[in-house]
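Asks: If you scroll down you'll find the structure; I have some questions about it.
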Amino acid sequence: MNANAQLMNFPIDNVIQLIRKKWVVQIINDLFFGKTRFHEFKENKPKLSNRVLSSCLKDMEDNGLIQRIVDKYDKKNVRYYLTEKGQSLNKIIYEMAIFSVDSENYTDKTKTELKTVFKEKLL
């Protein structure tokens, strides 16, 4: 592969590898909106099983996107936080959210309100 082909594919391939699993983007979005606990990530996601969520969180931790913090006094109290690397995905998540809002048949008022919320949380 020539240098130009490597430059064109390499950066995008890296991002896709980080967020390729089905629920990763939704979990990252949840983290930006203040969710930190296992059960919170499952809210409004009835098809997300415990096994799949555990696997996603483990992969995200292995890839440096999140940090898992266990309360030293209560080992069952586990929280997840975005690392600096995970937080750097904010602009990607923001652009995806804006694309979605613009693609739906929301009223102009609703679009403006949604965009404001996403801007406050993600930028």
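According to the numbering used here, numbering within the sequence shown proceeds without interruption in unit steps and concludes at 112. From the three backbone atoms N, C-alpha and C, an ideal C-beta is built for every residue, glycine too. Keep in mind that this is a model prediction, so the values were computed, not measured.
(1) Using the Cα positions of Thr72 and Asn79, report the straight-line distance between them to the nearest angstrom.
(2) With 16 as the cutoff for other CB atoms within 10 Å, does Phe22 come out buried or exposed?
(3) Is the Cβ-Cβ distance between Ile16 and Ile82 less than 8 Å?
(4) Using a Cβ-Cβ cut-off of 8 Å (strictly less than) and excluding sequence neighbours within five positions of Arg26, which residues of its own chain qualify?
(5) Out of curiosity, what's the CA-to-CA distance linking Thr96 and Glu102?
(6) Return the first residue and the last residue of the beta strand (DSSP E) that Tyr69 is part of.
(7) Assuming Cys45 contacts Lys10 (C-beta within less than 8 Å), just tell me the rounded distance between them.
(8) Between which two residues does the alpha helix (DSSP H) harbouring Arg40 extend?
(9) Report the option in Lys47, Trp12 and Glu50 whose CA atom is closest to the CA atom of Glu32.
(10) Could you give the C-beta distance for Leu20 and Ile55, rounded to a whole number, given that I count them as a contact under 8 Å?
(11) Under a Cβ-count criterion, where at least 16 other Cβ atoms within 10 Å of its own Cβ denotes burial, should Gly53 be classed as buried or exposed?
Replies: So, from the listed chains and residues:
(1) Looking up residue 72 in the sequence shown gives position 83. Looking up residue 79 in the sequence shown gives position 90. So the alpha carbons of these two residues sit roughly 12 Å apart.
(2) The sequence position of residue 22 within the sequence shown is 33, counting from 1. With fewer than 16 Cβ atoms within 10 Å of its Cβ, Phe22 is classed as exposed.
(3) If you number the sequence shown from 1, residue 16 lands on position 27. If you number the sequence shown from 1, residue 82 lands on position 93. With contacts defined by Cβ atoms closer than 8 Å, Ile16 and Ile82 do not form a contacting pair.
(4) The sequence position of residue 26 within the sequence shown is 37, counting from 1. Cβ neighbours of Arg26 beyond the five flanking positions: Val67, Arg68 and Tyr69.
(5) Indexing the sequence shown from 1 puts residue 96 at position 107. Indexing the sequence shown from 1 puts residue 102 at position 113. Going by the C-alpha atoms only, they are around 10 Å apart.
(6) Mapped onto the sequence shown, residue 69 falls at position 80. Residues Val67 to Leu71.
(7) Against the sequence shown, residue 45 aligns to sequence position 56. Against the sequence shown, residue 10 aligns to sequence position 21. Indeed, because the Cβ distance is near 5 Å, the residues count as touching under 8 Å.
(8) Your numbering for residue 40 matches position 51 in the sequence shown. Per DSSP, Arg40 belongs to the alpha helix (DSSP H) from Asn39 to Asp51.
(9) Along the sequence shown, read from residue 1 onward, the residue named residue 32 stands at position 43. Ranking the options by Cα distance to Glu32, first place goes to Trp12.
(10) On the sequence shown, residue 20 is found 31 positions in, with the first residue counted as 1. On the sequence shown, residue 55 is found 66 positions in, with the first residue counted as 1. Indeed, because the Cβ distance is near 7 Å, the residues count as touching under 8 Å.
(11) Residue mapping note: residue 53 aligns to position 64 of the sequence shown, counting from 1. When all chains shown are included, Gly53 counts as exposed.
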